[in-house]
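Here the structure is laid out as structure tokens; the discussion comes afterwards.
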Amino acid sequence: MFYKYPFENKKILIVDDEPDVLETLEDLLSFCEIAKASNFEDAKKLLETRDFDITILGIMGVNGYELLRIAIERKVIPVMLTAHALSPENTIKSFKEGAVYYFPKDVMSRIAMFLYQILEEKEGTVKLLVARLIDKINPWGGPGIKPDFEDQSR
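The sequence shown begins at 85 in the numbering used here and counts up one residue at a time.
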């Protein structure tokens, strides 16, 4: 069972210098609003002019550390996309720059579940437990039951 609710209305920026990675991640996250950039300039402009919930940053080839800094300033959850294990120096630099989440390219097919876990951590377990229940009741989405977490009158 895949839980659609936490991704509803989520805006994700995907940055990588490999077109096939951009296309694959866009397909895997098609239930979100996706923006893509393959170079530093386009990614920087998108980060500075649009609001995103999550950004998936390829570290190499697109000046990922500078984009990481901008994402953190804009309060966007940064996920660092890596093709291989980072060197100890790059790992330390990433953590010092504020990176918390890493996702290896060789398991891209699991990106939705990985992002779900990040959202669960960030948005709180109770909301997502309700979302799971709603998905079980209404597994195909569409009109139906949706929680209104902002309604404090109840």
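Don't be surprised by glycine CBs; every beta carbon is placed ideally from N, CA and C.
| said: Going residue by residue through the stretch 172–212, where are the continuous beta strand (DSSP E) segments of at least 3 residues, counting only ones entirely within it? | reply: 185–188, all fully within the stretch 172–212.
| Going by DSSP, which residues form a beta bridge with Ile156? | Beta-bridge pairing by DSSP links Ile156 to no other residue.
| request: Return the chain-ordered list of same chain residues with a C-beta closer than 7 Å to the C-beta of Lys120, the five sequence neighbours on each side being excluded. | output: Closer than 7 Å at the Cβ level, and outside the excluded window around Lys120, lie Ile98, Leu106 and Glu110.
| message | With a threshold of 6 Å on Cβ separation, who are the neighbours of Ile118 within its own chain once the five nearest residues in sequence on each side are excluded? | response | Excluding positions up to five away in sequence, the list reads Ile96 and Glu110.
| query | Tell me which same chain residues have a C-beta within less than 8 Å of the C-beta of Ile202, skipping the five on either side of it? | reply | Within the same chain, and ignoring the five residues on either side of Ile202 in sequence, the residues whose Cβ sits closer than 8 Å to its Cβ are Ile138, Ile161, Val163 and Tyr185.
| request: For the beta strand (DSSP E) holding Pro162, just list the boundary residues, first then last. | output: Looking at the DSSP string, the run of the beta strand (DSSP E) that includes Pro162 is Ile161 to Thr166.
| Grouping DSSP H, G and I as helix and E and B as strand, with all else coil, what is Glu92? | When secondary structure is reduced to three states using DSSP, Glu92 falls in the coil class, being assigned neither helix nor strand.
| said: Among Asn174, Met197 and Gly142, whose alpha-carbon lies nearest the alpha-carbon of Glu102? | reply: Residue Gly142 is the option with its Cα nearest to Glu102.
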